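Visitor: Going down the list, the sequences are from chains A and B. Counting the first sequence from 1 gives a position; our numbering is that position plus 1. Counting the second sequence from 1 gives a position; our numbering is that position plus 29. Glycine included, each C-beta is placed from N, C-alpha and C at the ideal position. Predicted model, so just to flag it, every value in this text is computed and none were measured.
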Amino acid sequence: MKLKKILVMMVTMLLCMSVSVFASSEVPYQTYTLDKWGNATPSPNGYVPQRSIGGAQLGCKDFSGAQDLFYSETLKLVLVTDTGNSRIVVLNDNFEFQYELTSFTNDKNEEITLNKPEGAYLLDDGTLYICDTGNQRIISCTLDGKLNSVLSTPESELLDENFVYRPSKLVVDEDNRMYIISKGTYQGLIYLDTNGEFIRYFGANKVEMTFRRRMLKIWKSILPEKAAASIQSFNPIEYGNLYMSNDGYVFATAAGSEDGSSLMTKLNPLGIDVLPFKIKGQSLFSDVSIDKNGIITCLDTTYGLIFQYDGNGKLMFSFGGIGSQVGLFQKAVSLIEVNNNLYVLDSEKNTITEFTLTQFGEMVKDAIVLYDEGKYEESIKPWEKVSSHNANYLLSYIGLGKAYYQLKDYDTAMYYFKLANDRADYSDAFREASLIAIRASFTTVALILIALAIVIIVLSIVVKKYNKKHGTKGLEMIFKKKRGGK
Amino acid sequence: MSNIKRYFREAANGAKHCVKTMFHPNVGFDAMKWEKQDNIAFCFVILALFFFVNIADQVVTGFIFNTYNPDRISVPSIFLISMGGVALFFIANWSVSSLQFTEGKTKEIFMVTCYSLLPYTVFEFIYIAVTNFSNNDMIAFMTAIRIIGLAWSFIILLVGMLYTHQLSFGGTILNLILTVVGILIILFLILLGYTLVQQIYVFFYTIFNEMAFRK
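#1: Please state if the CB of Asn242/A and the CB of Lys170/A are separated by a distance shorter than 8 Å.
#2: Measure how close the beta-carbons of Phe58/B and Val159/B come, nearest whole angstrom, since I'm counting them as under 8 Å.
#3: Using a Cβ cut-off of 9 Å, pull out every chain A residue sitting near Asn161/B, in sequence order please.
#4: Since Pro277/A is in the beta strand (DSSP E), which residue starts that stretch and which ends it?
#5: Identify whether Val188/B lies in helix, strand or coil by the three-state DSSP scheme.
#6: Please go through the same chain and pick out, in chain order, the residues whose beta-carbon is closer than 7 Å to the beta-carbon of Ile54/A, but skip the five residues on each side of it.
#7: Let me know the secondary structure DSSP gives Ala253/A once reduced to three states.
#8: Using Cβ-Cβ distances below 8 Å, what residues of the stretch 422-433 of chain A are close to chain B?
#9: Anything in the stretch 143-167 of chain B with a Cβ closer than 9 Å to a Cβ of chain A? List those residues in chain order, please.
#10: What residues in its chain sit with their C-beta under 8 Å from that of Phe119/B, if we drop five residues either side in the sequence?
#11: Checking contacts by CB at 8 Å: is Lys419/A closer than that to chain B?
#12: Quick one: residues in its chain with C-beta nearer than 6 Å to the C-beta of Ile297/A, no 5 flanking neighbours on either side, listed in chain order?
#13: Among residues of its own chain, excluding the 5 on either side of Val22/A, which ones have a beta-carbon nearer than 6 Å to its beta-carbon?
#14: In chain A, what lies closer than 7 Å to Asn98/B by C-beta?
#15: Strictly below 9 Å CB to CB, what residues from chain A border Ile93/B?
#16: Could you tell me how far apart the beta carbons of Ile89/A and Pro50/A are, in whole angstroms, since I believe they sit closer than 8 Å?
#17: Please check the pair Ser65/A and Gly85/A, which I expect to be a contact at CB under 8 Å, by giving their CB distance rounded to whole angstroms.
#18: So the beta strand (DSSP E) Cys61/A belongs to, where does it begin and stop?
#19: List the endpoints of the continuous alpha helix (DSSP H) containing Met140/B.
#20: With a 10 Å radius around its C-beta and 16 neighbouring C-beta atoms as the bar for buried, classify Asp86/B as buried or exposed.
#21: What number of angstroms, rounded off, separates the C-alpha of Trp220/A from the C-alpha of Glu226/A?
#22: DSSP beta-bridge partners for Gln309/A?
#23: In whole angstroms, what separates the C-alpha of Val463/A from that of Ile455/A?
#24: Quick one: is Ala67/A buried, meaning 16 or more other Cβ sit within 10 Å of its Cβ, or exposed?
#25: What do you reckon, are the CB atoms on Leu70/A and Ile337/A nearer than 8 Å?
#26: Assuming contact is defined by CB atoms lying nearer than 8 Å, are Ser145/B and Leu207/B in contact in what I supplied?
#27: To the nearest angstrom, how far is the alpha carbon of Ser26/A from that of Thr357/A?
#28: Taking the C-alpha atoms as reference points, what is the distance between Thr473/A and Ala452/A?
#29: Measure the C-alpha to C-alpha separation of Ala24/A and Ser348/A and round it to an integer number of angstroms.
#30: Would you call Ile75/B buried or exposed, if buried means 16 or more other Cβ atoms sit within 10 Å of its Cβ?
#31: Going by DSSP, name the residue or residues bridged to Ser183/A.
#32: Give the DSSP-derived three-state secondary structure of Met245/A in the structure shown.
#33: Give the DSSP-derived three-state secondary structure of Asn149/A in the structure shown.
#34: Please name the residue in Asp301/A, Asn236/A and Asn294/A whose C-alpha comes closest to that of Met265/A.
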């Protein structure tokens with residue numbers, strides 16, 4: 002009997018083990034979302050790593066410290082800025098090697114070569130901008146390598162005397178104006194017009210005043226001048242990477258942060274941060290990408306994680322990690338989204354990792370797209386599917402709650418908002434539900450009150466008449482005065 | 030049995046005095062000081078109510094206003110914080126007044142401390158009840174309820190201390206400020222003692238380990 006028990010136990014254990022082995026051999030990481038109290042909870046994978054693409058797979062020289070990926074949706078081209086090899090590798094959207102750009106010829110037939118470029122941007126009309134960081138200039142050319150112009154260090158009275166121009170990343174807007182990150186410049190982005198003339202600094206970041214810095218500031222005002230000079234000065238956060246969304250907003254990530262209070266900003270044309278939520282954490286984002294539905298994908302370089310948020314800043318997935326397996330990173334530097342797949346460039350592994358959406362990820366995305374477009378009714382079915390796959394998926398409950406709110410089914414909406422811990426929306430649903438309840442019962446309550454009032458008036462008249470007749474006061478006819486009491 | 034009966038009778042008398050004190054603190058505390066109206070039976074009822082309101086705050090507040098995670102609610106820790114807080118204030122005030130050579134007696138200080146909890150407790154109960162029937166629009170009203178409760182409590186405490194210690198108004202304010210300082214000192218001492226005990230424990234634990242592993 003005992004032996005049988007032990008055997009059964011062993012078989013069960015073996016079965017359990019084999020299951021866990023399968024689960025972990027598929028993907029080298031665990032995907033997480035946040036539960037309603039903000040704790041990380043495991044979730045089914047939204048993305049799985051498919052393959053790792055290096056120079057050998059592409060049929061060209063291996064990458065060396067590549068720093069940037071860029072994808073042009075109209076031209077269906079991917080640019081890899083291969084910093085170490087001083088070249089731009091052009092791939093199509095299936096990640097097949099097309100050609101590479103290393104040098105350009107100008108009008109006078111002089112050859113101009115790249116030196117450690119760190120970023121590139123391709124306009125829809127085929128104009129290519131390259132941050133030629135090593136040569137401190139920006140090169141504008143066509144895709145077949147014909148040079149348009151070379152923009153060297155901008156000159157302006159607004160720039161510091163000891164300003165060093167080290168352009169590393171840039172984006173270009175519809176009117177060919179450039180927003181450039183120059184390494185070591187904390188005043189903001191460098192904003193150049195079409196001819197490369199300096200307009201102004203754009204979107205200067207805030208100085209984070211942490212407690213430590215406030216204390217240092219007090220010390221600075223107390224200490225003598227020489228000692229005070231040795232205390233570090235507080236500069237605004239420097240930008241690390243840029244992304245230009247289709248509607249003309251510049252998304253910028255922070256290159257260094259004291260308290261991690263704002264890892265990403267969304268700059269409007271005035272250079273003001275209009276991101277409706279804050280992404281916080283002791284970490285740094287090296288890149289960001291926004292898809293056409295407003296879903297924001299951030300690449301965390303400190304922990305090698307990818308965070309995907311919906312347009313309202315609710316976390317959809319977080320996955321990845323530090324490691325050497327496919328799907329983990331050593332130093333993730335850049336991220337693009339091509340045909341719903343994510344591609345992450347690792348500058349130490351010198352590979353591009355491809356992530357594809359899983360069935361679950363597709364479900365979530367479908368639902369979120371409908372939800373963000375305001376089609377709440379249509380989103381009920383996809384959200385129900387999502388929550389049946391992952392009962393901990395907070396977004397599905399918010400989505401369902403909003404859908405039922407739109408359908409004026411406030412009780413169901415309240416149920417889902419409660420599950421999602423969404424107090425503000427619960428309050429709205431509760432208000433509507435209580436209004437309905439009040440309206441429904443108003444006539445009954447009012448009738449009862451009127452009847453009560455009539456009864457009281459009649460009774461008081463009766464009491465008054467009785468009192469006049471018998472010479473008593475108040476309600477003495479009912480409550481007789483105790484005689485011989487205290 | 031008769032003991033319990035007597036306690037209830039005393040508590041009922043205390044309740045009468047307490048309610049009177051809430052609306053006429055001068056009269057009530059004057060009677061406490063000079064007319065021997067100092068039975069403390071009702072004070073324990075107030076303490077119990079205060080403890081319950083602290084639990085209710087986390088458990089039955091309406092969903093919109095309740096930000097506590099139900100998985101993390103611990104009644105022992107609520108007890109420790111609420112009752113420990115009252116005890117800390119009581120001990121600190123007693124110590125400070127003995128340094129200030131005031132006329133306050135231990136019993137009177139305890140009574141004033143407990144009485145001053147009543148408005149807060151009652152208004153908090155009202156607040157908790159109302160939260161179950163209201164939405165975010167009424168948040169200003171809710172805050173007003175809590176602030177009224179707190180202000181009333183503070184006034185009762187101030188007047189009570191004024192009569193108990195027979196100090197001037199400024200002296201009473203100083204007494205209360207010193208009480209807060211006293212609370213901080215007591216907390217510091219508790220922390221110090223805790224660390225010391227822990228180190229002694231580790232010391233003996235290490236000795237025990239040494240002995241145990243040495244054959």
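Guide: The answer reads as follows:
#1: yes
#2: With 8 Å as the limit, Phe58/B and Val159/B do not qualify as a contact, their Cβ atoms being about 31 Å apart.
#3: Those do not exist, as Asn161/B stays about 10 Å from chain A at its closest Cβ, beyond 9 Å.
#4: No beta strand (DSSP E) contains Pro277/A, which DSSP labels as neither H nor E.
#5: helix
#6: Phe96, Thr352, Ile353 and Glu355
#7: strand
#8: Arg424, Ala425, Tyr427, Ser428, Asp429, Phe431 and Arg432
#9: Phe162, Ser163, Asn164, Asn165 and Asp166
#10: Ile138, Phe139 and Thr142
#11: yes
#12: Ile291 and Tyr310
#13: Low local confidence applies: a pLDDT of 42 at Val22/A is under 50, so the model's placement there is unreliable, with the coordinate-based value given in what follows. Cβ neighbours of Val22/A beyond the five flanking positions: none.
#14: Trp38
#15: Arg424, Ala425, Tyr427, Ser428 and Phe431
#16: Not really, about 25 Å apart at Cβ, beyond 8 Å.
#17: 3 Å
#18: Unbroken run through Cys61/A: none, as it is neither H nor E.
#19: Thr135 to Tyr144
#20: buried
#21: 11 Å
#22: Thr298/A and Phe318/A
#23: 12 Å
#24: buried
#25: yes
#26: no
#27: Low confidence applies here, because Ser26/A scores a pLDDT of 47, under 50, leaving its location unreliable and the question unanswered by this model.
#28: 28 Å
#29: In this predicted model, Ala24/A has a pLDDT of only 44, less than 50, meaning its place in the structure is not dependable enough to derive any value.
#30: buried
#31: Pro168/A
#32: strand
#33: strand
#34: Asp301/A
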